[in-house]
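Taking it in order: structure first as structure tokens, then the write-up.
Protein chains: 2
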Amino acid sequence: MKEIILIDKIKKMVGGPAKGLIEGIGDDCAVLEYSADKYLLWGADMLVQGTHFTSEAGLENIGWKAVAVNISDIAAMGGVPKFITVSLGLPDKDTSRAVNGLYKGIKKICGIFGVRVVGGDLNRSEKLVIDVNIIGEVERKRLVKRSGARPGDVILVTGPIRNGKKDHLRFMPRVKESRYLVGNYSVSSMMDTSDGIGPDLNRICRASGAGARIHAACVPLSDGTPLEDALYYGESFELIFTMPPRDANELLLNTCGRGNGCFYVIGEITAPGDGVTVKMPGGRTAGLKTKGFCHLS
Amino acid sequence: MKEIILIDKIKKMVGGPAKGLIEGIGDDCAVLEYSADKYLLWGADMLVQGTHFTSEAGLENIGWKAVAVNISDIAAMGGVPKFITVSLGLPDKDTSRAVNGLYKGIKKICGIFGVRVVGGDLNRSEKLVIDVNIIGEVERKRLVKRSGARPGDVILVTGPIRNGKKDHLRFMPRVKESRYLVGNYSVSSMMDTSDGIGPDLNRICRASGAGARIHAACVPLSDGTPLEDALYYGESFELIFTMPPRDANELLLNTCGRGNGCFYVIGEITAPGDGVTVKMPGGRTAGLKTKGFCHLS
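These protein sequence lines map, in sequence, to chains A and B. Each residue of the first sequence is one higher than the one before, counting from 896 in the working numbering. Each residue of the second sequence is one higher than the one before, counting from 896 in the working numbering.
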């Protein structure tokens, strides 16, 4: 997957430790020193017309999604979103209408999550580009990275995997679910399923030095989402996370039907040598590939 | 100027006070609460192929500039740059070469200023887009905003205004000069001259509720830069700042030829009713307009 190779290359060129830096390139957010008991989380996600959305998507929906994917990155680390910057590349025609439309969606989702726009940039561009950066905070003890999954941990998701091909714009980031999880249980790793369970779980296993086995029959699918798309298409933005079996059991007993969200066990973390696999409904076990929705060719 | 109107509109839609927010939309950086004695500074600047650079600019130079304009935003508030995120929109062809080229420049300037890349995003895009966000810090007592200029203050610049039309890519942000200024003098307002002295000084006067008079003959020009371009073209990235006359005199006595940079007095802040004017070399006084290099039509 080209994106992973390029990110590794960039990390090699400019990564490495620095004063005040807890985690740099390679997770959903960078983690910076902040206060005695909190870290600062910093994420960045760009949407480009033609790659992430078509001109039919509707400006309000695009504004919503550009912020939602960033809030989702903060949720993936266990944090609370706080502030965003919005940098826009706007086609020459009717810039004022574009700003109005985009900000209609931005304002709505920011209102729901208590997020404030504090800056950004405005530019001319042939195609519409919207790059949002987000800052959030997380209690030090509640930070969850991709790298903490251990053999024996249970793999869960925060809800049925939606059909990202049909509806990828107007989703609700899982901040409430994330905060409930990190506030009450031991979550060993977490990320959002932006690229599909296949590539995303492979990232967790790579960062954690572990293997994993998914049970396809246990993957919850909403409104007729094909299993193949849940595994390899993405754009669903549920959280995928791991926890020790005892925590997982307690979570299931405490949640479904009790208003704390509904969580689904979909597999387990295994030894690194086992690779990342999926047990298909017929019983056959296959490799769970890293291929998936990729924003670079 | 369309950009100012749009920014005002956005500020109206999503601005307003928030917990932890000192300054939002409208200065070179947002200012956030950080520690007992420091603020966090957060800037964002996007470059788009066709608007900010042509395909002949050279990838290394584009990478350099994308970071330099952001470091300059931190310098404009009196701060020290620390971390950046880099979000790229890359044409399909030869993404690996583009990343290599851009990061050659990014790495160089980050090395000079002790700045670390901690995150970002990679995407496909028809035209090259590079959006950098920067975080820096500043001692609370050293923060300089655009809004502090007072009648009687002297207006200065950090160096000769370069010809932004000829060479706008490989400039050196004025962090050293800024830190020297805020560490030793009372600086009442500051910003970088990214759009030309005309529009930029008008912004300071608007934020400060003051007027200003520039003496054109005093504006230092490097390598044959036409006065008109210094006033209205921009892309020079010197700092323009104001200070009480006593501080200005002390600064001039302490600096030129002493390795602390070289600063130039170019005018004075006046009462708000006086407007923003320029005394031309022939003696005529003209309005100093807000027009200038604008990244939106």
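For every residue, glycine included, the Cβ atom is placed at its ideal position computed from N, Cα and C.
Handout entry: Which residues DSSP lists as bridging D1026(A), in chain order
Key = In DSSP, D1026(A) forms a bridge with M941(A), S982(A).
Problem - C-beta contact flag for Y934(B) and V1070(B) at 8 Å - result: Not a contact, by the Cβ cut-off of 8 Å.
Handout entry: Under 7 Å by beta carbon: chain A residues contacting D1016(B)
Key = A939, D940, M941, listed in chain order.
Practice task
Give the interface partners of F978(B) over in chain A, defined as CB-CB distance under 9 Å, in chain order.
Solution key: The contacting residues are A913, G915, L916, G919, A925, L927, W937.
Practice task
Using three-state DSSP, classify R1101(B) as helix, strand or coil.
Solution key: Here R1101(B) sits in helix by DSSP.
Problem - DSSP beta-bridge partners of G1106(A) - result: According to DSSP, G1106(A) bridges with T1165(A).
Practice task
Flag R1101(A) as yes if its beta-carbon sits less than 8 Å from any beta-carbon of chain B, otherwise no.
Solution key: Contacts with chain B at 8 Å (Cβ-Cβ) do not include R1101(A).
Handout entry: the stretch 1022-1030 of chain B touching the stretch 1080-1090 of chain B, judged by at least three CB pairs closer than 8 Å
Key = Counting Cβ pairs under 8 Å, fewer than three are found: no touch.
Handout entry: the ligand ADP heavy atom lying under 7 Å from the CB of T949(B)
Key = Questions concerning the ligand ADP fall outside what the structure shown contains, since it holds no ligand whatsoever.
Practice task
Report buried or exposed for T1185(A), applying the criterion of at least 16 other Cβ atoms within 10 angstroms of its Cβ.
Solution key: T1185(A) is buried by the Cβ-count criterion.
Problem - CB contact flag (I957(A), G1000(A), <8 Å) - result: Yes; because the gap between Cβ atoms is below 8 Å, this pair is in contact.
Exercise for the section: Measuring only between beta-carbons, confirm whether R1019(B) sits less than 8 Å from chain A. Expected result: Against chain A, the CB of R1019(B) has a partner CB under 8 Å away; the residue lies at that interface.
Problem - Enclosing beta strand (DSSP E) for I1050(B) [first to last residue] - result: Segment 1049-1052, the beta strand (DSSP E) holding I1050(B).
Problem - Any chain A beta carbon closer than 8 Å to I902(B) - result: So, interface residue.
Problem - G1182(A): first and last residue of the uninterrupted beta strand (DSSP E) it sits in - result: Residue range 1180-1182 is occupied by the beta strand (DSSP E) that includes G1182(A).
Problem - Contact list for T946(B) against chain A, beta-carbon separation under 7 Å - result: Around T946(B), the beta-carbon contacts reaching into chain A at under 7 Å are N1018, R1019, S1020.
Practice task
Assign A1044(B) to one of three DSSP states: helix, strand, or coil.
Solution key: Looking at A1044(B) - three-state DSSP - the assignment turns out to be coil, as it is neither helix nor strand.
Problem - Beta-carbon gap between E928(B) and I920(B) smaller than 8 Å - result: No, these two residues do not count as a Cβ contact at 8 Å.
Problem - Exposed unless 16 or more other CB atoms sit within 10 angstroms - verdict on A1181(B) - result: Exposed, since its Cβ has fewer than 16 Cβ neighbours within 10 Å.
Exercise for the section: Could you tell me whether the Cβ of V1012(B) comes closer than 8 Å to any Cβ of chain A? Expected result: Judged by the 8 Å Cβ criterion, V1012(B) is in contact with chain A.
Handout entry: Close-in-space but distant-in-sequence residues of the same chain around A1111(A) (CB under 7 Å, 5 per side omitted)
Key = Contacts found: L1122, V1173, K1174, M1175, P1176.
Exercise for the section: State the CB to CB distance for the pair D1124(A) and N1079(A), rounded to an integer number of angstroms; the pair is presumed to be in contact (CB under 8 Å). Expected result: Contact flag wrong, Cβ pair sits at about 31 Å.
Exercise for the section: For L1017(B), collect the residues of the same chain with a Cβ closer than 6 Å to its Cβ; drop the 5 residues on either side in sequence, then sort them by chain order. Expected result: By the criterion of a C-beta distance shorter than 6 Å, L1017(B) is surrounded in its chain by L983, once the five residues flanking it on both sides are discounted.
Problem - Test item: CB-CB of L1038(A) and G973(A) under 8 Å - result: It is a contact, given that the beta carbons lie within the stated cut-off.
Problem - Range of the contiguous alpha helix (DSSP H) that encloses N965(A) - result: Segment 954-970, the alpha helix (DSSP H) holding N965(A).
Exercise for the section: Take the Cβ of A925(A) as the centre, count every other Cβ of all protein chains shown within 10 Å, and call the residue buried at 16 or more, exposed below. Expected result: Buried, because 16 or more other Cβ atoms sit within 10 Å of the Cβ of A925(A).
Handout entry: Residue(s) in a DSSP beta bridge with I1135(A)
Key = The partner list for I1135(A) (beta bridge, DSSP) reads V1052(A), M1086(A).
Handout entry: Spatially closest choice to K1003(B) from P1055(B), P1046(B), K907(B), R1065(B), by CA coordinates
Key = Checking every option, the nearest Cα to that of K1003(B) belongs to R1065(B).
Exercise for the section: Using a Cβ cut-off of 7 Å, pull out every chain A residue sitting near G984(B), in sequence order please. Expected result: Close partners of G984(B) in chain A (Cβ separation under 7 Å): M941, V943, V1024.
Handout entry: For G1015(A), three-class secondary structure by DSSP
Key = It is a strand residue.
Exercise for the section: Measure the CB-CB distance between L997(A) and L954(A) and report whether it falls below 8 Å. Expected result: A contact, by the Cβ cut-off of 8 Å.
Exercise for the section: Check whether the Cβ atoms of I969(B) and G938(B) lie closer than 8 Å to each other. Expected result: Yes.
Problem - D932(A) - partner residues in DSSP beta bridges - result: Paired residue(s): none; D932(A) is not in a bridge.
Practice task
State the Cα-Cα distance for the pair D1142(A) and P1115(A), rounded to the nearest angstrom.
Solution key: Between D1142(A) and P1115(A), the C-alpha separation is close to 20 Å.
Problem - Proximity test, Cβ basis, 8 Å: N898(B) and chain A - result: Rather than Asn, the amino acid found at residue 898(B) in this sequence is Glu. At least one CB of chain A lies nearer than 8 Å to the CB of E898(B).
Practice task
Measure the alpha-carbon distance for I966(B) versus T980(B) and round it to whole angstroms.
Solution key: Distance between the alpha carbons of I966(B) and T980(B) is about 12 Å.
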